[in-house]
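Below you'll find the structure, written out as structure tokens, and then a few comments.
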Amino acid sequence: MKIALDEFQDKCSILINQLNESQEEIIITQSGSPIAKLIPLKVEQSPKVFGCMKESIRFIGDIVSPINEPWESYNA
276 MKIALDEFQD
286 KCSILINQLN
296 ESQEEIIITQ
306 SGSPIAKLIP
316 LKVEQSPKVF
326 GCMKESIRFI
336 GDIVSPINEP
346 WESYNA
């Protein structure tokens, strides 16, 4: 979409909302020559951190009670 600078200034917020929905760039012109390009910001969806491992781990046996085995540790 091409739009004159004066018209863009008048309808700026409306055009930005349309840009967000249509994902189409807007070229702003002055005296018929392009002076700026407004493009939609492509935000990549990051995976959810909390809950991303849900149902991927299986517990076998009692994980709360002590195992009654000595632990070894390395102290430097």
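Taking the working numbering, I'd label the letters of the sequence shown as residues 276 to 351. Glycine included, each C-beta is placed from N, C-alpha and C at the ideal position. As the structure is a computational prediction, the values presented were derived from the model and not from experiment.
{"Check": "Residue closest to Lys-317, alpha-carbon to alpha-carbon, out of Lys-286, Pro-341, Glu-347, Ser-297", "Outcome": "Ser-297"}
{"Check": "Any 3 or more C-beta pairs closer than 8 Å across the segment 276-293 and the segment 303-318", "Outcome": "yes"}
{"Check": "Whole beta strand (DSSP E) elements within the segment 288-336, 3-residue minimum", "Outcome": "301-305, 308-313"}
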